[in-house]
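To keep things clear, I will list the structure first and then write my remarks on it.
Protein chains in written order, with my numbering: chain L, 696 to 919; chain X, 3 to 227.
Rendered as structure tokens:
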């Protein structure tokens, strides 16, 4: 077919992981270009001049940025193993939940990780409220996409791994199996799915990275 | 065709995104004005998570988040398409819709400031955002959608009409013909498109509404104007 697919990413970017998973689920061959964000390549700056970030998908020389936009592009271009549902209403719901994930869920869980004391308690309450909406959405389903992993699973998927990294680093339970049984099962099912399982960033590297971020946050908040 | 309702508020640019899309495609709908200071049971039932407008209700099923609604309208009613055919160009259009949602809100941060560091910061952010639109989004096209308006133009509607109001109230000028020539022209061209021209909140009324809103907001922070 003469297709050339390149993915610009970093080793830990949770947004880039969405694209890795999508490409692998659809069996699309691609070349990985690892970026050092402290020293951005000229190609990165050329392909994403607006945000200067990863991930960027380059298909036959044409770049696409923003991970959820890239997922839709992949789904429209390669029709096998569809990620979004066919029904327009179901598609709208999938886009709604992915947006909720990005706008509210990820940031609220990050707040639980990075804050201390009373602020952390408040952040946990907010995160629980958000997760309860996801719990409700999981009723009767194995994945957000139904029987198979879909767009929403990929959008939220980093949580299946990241939450346990956060919990281990701060020594606090964020997702309690008793309070969020369906979401908890989803995290297990997603993390253990063959393609996902083989494509996580190394856990030991993740723990080191996030410990360093937490140390820096604590240091800067105590010195201010 | 199943019944279409739109729950919105008259000053909201997000409400207008949906109005423009429905009217451009010739879709009849019932408009319901919501009072956000006294949210209706209907709104809370249709949007329990965010409790916000706009909400599109199609055949009794609600869709929330204006960017999601725009895509839904495009999926259900393909006439007068808001997205191009080519997959890469569609991705570019979606990129700009996401940019509109994630970056344009800085103009509302500017709206909520008075003179000082915070305002300078918000001004700087807004200018950078507009610079990105001028140099990378619009470039030398008439509209973000090319020769006709598309989903990205609709998403940037705030910049065409509401930003002028913000500039007036805050006392700053951001978009000028010599600093942002293409964007400046776009604000005029966009509002000349018949469906847009016929469906904008009246400027004077908008100014009165937002002036009061800004005053109330600043008063709660102990800041006068």
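Beta carbons are placed, not taken as given, at the ideal position from N, Cα and C, and that holds for glycine.
This one's a predicted model, so the numbers in the text were calculated from it and none came from an experiment.
Query: Contacts around residue 132(X), its chain only, beta-carbon distance under 8 Å, and the 5 residues preceding and following it disregarded; Result: 161, 176, 177, 182, 185
Query: Short CB-CB distance (under 8 Å) between residue 737(L) and chain X; Result: no
Query: Pairwise C-alpha distance: residue 75(X) and residue 696(L); Result: A caution first: residue 696(L) carries a pLDDT of 48, below 50, which makes its placement in the model too unreliable to give a value.
Query: Beta carbon of residue 807(L) nearer than 8 Å to that of residue 819(L); Result: yes
Query: CB of residue 68(X) within 8 Å of CB of residue 19(X), strictly; Result: yes
Query: Residue 707(L) beta carbon less than 8 Å from that of residue 901(L); Result: yes
Query: Cβ contact (3+ pairs, closer than 8 Å) linking the region 774 to 793 of chain L and the region 747 to 757 of chain L; Result: no
Query: Segment limits, alpha helix (DSSP H) that includes residue 721(L); Result: Note, residue 721(L): premise wrong, no alpha helix (DSSP H); not H, not E.
Query: Residue 192(X) classed as buried or exposed, judged by whether at least 16 other C-beta atoms fall within 10 angstroms; Result: buried
Query: Proximity to residue 856(L) [Cα-Cα], best of 879(L), 840(L), 828(L); Result: 879(L)
Query: Reduced DSSP secondary structure (H/G/I, E/B, other) of residue 749(L); Result: coil
Query: Local conformation of residue 33(X) per DSSP, three classes; Result: strand
Query: Pair within 8 Å by beta-carbon distance, residue 767(L) and residue 96(X); Result: yes
Query: Unbroken beta strand (DSSP E) run spanning residue 758(L), endpoints; Result: 757 to 760
Query: Where residue 51(X) meets chain L, residues with beta-carbon distance less than 8 Å; Result: 795, 828
Query: Cβ contact check for the region 5 to 17 of chain X and the region 43 to 61 of chain X: 3 or more pairs under 8 Å; Result: yes
Query: Outcome for residue 159(X) when other beta-carbon atoms lying within 10 angstroms are tallied against a minimum of 16; Result: buried
Query: Enclosing alpha helix (DSSP H) for residue 827(L) [first to last residue]; Result: 812 to 832
Query: Proximal residues, the region 766 to 778 of chain L versus chain X, C-beta separation under 9 Å; Result: 767, 768, 771, 772
Query: Residue 105(X) classed as buried or exposed, judged by whether at least 16 other C-beta atoms fall within 10 angstroms; Result: buried
Query: First and last residue of the uninterrupted beta strand (DSSP E) at residue 703(L); Result: 700 to 704
Query: First and last residue of the uninterrupted beta strand (DSSP E) at residue 57(X); Result: 57 to 60
Query: Neighbour flag for residue 696(L) against chain X, beta carbons, 8 Å; Result: Low local confidence applies: a pLDDT of 48 at residue 696(L) is under 50, so the model's placement there is unreliable, and no value is given.
Query: Proximity below 8 Å, CB of residue 725(L) to CB of residue 702(L); Result: yes
Query: is_contact[residue 233(X), chain L] using C-beta, thresh 8 Å; Result: With chain X represented from 3 up to 227, any question about residue 233(X) goes unanswered, as that position is not in the structure.
Query: Whole-number beta carbon distance between residue 134(X) and residue 764(L), since they are thought to touch under 8 Å; Result: Residue 764(L) to residue 134(X), Cβ: 16 Å. No contact.
Query: Any C-beta of chain L under 8 Å from that of residue 180(X); Result: no
Query: Three-state secondary structure (DSSP) of residue 852(L); Result: coil
Query: Own chain residues within Cβ distance below 8 Å of residue 894(L), not counting five before or after; Result: 712, 715, 716, 719
Query: Cα-Cα separation, residue 91(X) to residue 127(X); Result: 27 Å
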